[in-house]
Amino acid sequence: VCTGTDMKLLRPSSPESHYETLRHLYQGCQVVQGNLELTYLSADADTSFLKDIKEVQGYVLIAESQVSGLELQSLRIIRGTQLFQDRYALAVVGNAGPAGAPGLRQLGMRHLTEILKGGVLIERNPELCFQETIMWSDIFHRHNEFRGEVQVETTRTRSCEGPGGVVAPGRGLGVPGLLAPPAHTSPCAGPDCRALCPEGHCWGESKWDCQT
């Protein structure tokens, strides 16, 4: 068990010491008692210190970071005892690097199955893919009063490849009704997960990233 933070979007005076503080807080931690706030991470930040986190009792905030991915593959439950902006249990906001830096590309929360309280806010992440394929309604607890609070923006500056590098949905799979337009018809084609995920919902581009 470890304590969380309550900094919201406050910019740290030293990004280096901010990273070291986060690493020290969460290395080996499985349950975050407060909020998990991952902000202002550089493009080359090693986020393996997050890999053991299974539960966050407050909210999860991923904001103003340039890192392309976060190792939150063990996260299973967000309780939402505190909420970002009084309504969101998961907020992914403004993760765009400067010119040349990729910014956040996928959420990778392949084991997240429950949000007890609070909605979802995802906006201003120009490189992020797959967020619109997730069935958030399956993740919200049935008594979550914020289950209607889902703001998922999909404006992006790149094309998304589905798991296994598939850009277009259902091509060559012999699945009726899933024939896709030709790949790359749009410079920013949306993601498609159906090649490897039967339900078409995924957190990232590997075959282990299907929403379960």
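Each residue of the sequence shown is one higher than the last, beginning at 1 in the UniProt record's numbering. Cβ atoms here follow ideal geometry from the backbone N, Cα and C, with glycine treated the same way.
Compare the C-beta of R110 with all C-beta atoms of chain D and state if any pair is closer than 7 Å. Note that chain D does not occur in the displayed structure, where there is just one protein chain.
Runs of alpha helix (DSSP H) wholly within the UniProt domain "Receptor L-domain" (28 to 139) (minimum 4 residues, chain order): Listed in chain order, they are 136 to 139.
If we call anything under 7 Å between Cβ atoms a contact, is C202 one with T155? no
Using beta-carbon positions only, say whether N144 and K117 come within less than 7 Å of one another. yes
Do E114 and I77 count as a contact pair if the criterion is CB distance below 7 Å? Against a cut-off of 7 Å, the Cβ pair of E114 and I77 comes out as a contact.
Given D52, which residues of its chain have a CB within under 7 Å of its CB, disregarding the five upstream and five downstream residues? G28, C29, Q30 and S74
Would you mind reading off the limits of the beta strand (DSSP E) that contains Q151? V150 to V152
Quick check on this structure: which residue in L9, C2, D6 and Q33 has the alpha carbon closest to the alpha carbon of R23? C2
Assuming S17 is part of the alpha helix (DSSP H), what are its boundary residues? P15 to Y26
CB contact flag (L121, L104, <7 Å): Going by C-beta atoms, L121 is not nearer than 7 Å to L104.
Selection from M109, E123 and D44 that minimises the alpha carbon distance to Y88: Looking at the Cα atoms, E123 is the closest of the given residues.
Which term fits V208, buried or exposed, when burial requires 16 or more other beta carbons within 10 angstroms of its beta carbon? According to the sequence provided, residue 208 is Trp. The question's Val does not apply to it. It counts as exposed.
Among E71, V60 and L41, which residue has its Cα nearest to the Cα of G82? Note on residue identity: the sequence assigns Gln, not Gly, to residue 82. Nearest option by C-alpha distance: V60.
In three-state DSSP terms, what is T212? coil
Determine, using beta carbons only, whether A43 and G97 come nearer to each other than 7 Å. yes
Cβ-Cβ distance between F130 and Q106 below 7 Å: Taking 7 Å as the Cβ cut-off, F130 and Q106 qualify as a contacting pair.
Pick from H18, R79 and C197: whose alpha carbon is nearest that of M135? Checked all of H18, R79 and C197; the closest Cα to M135 is C197.
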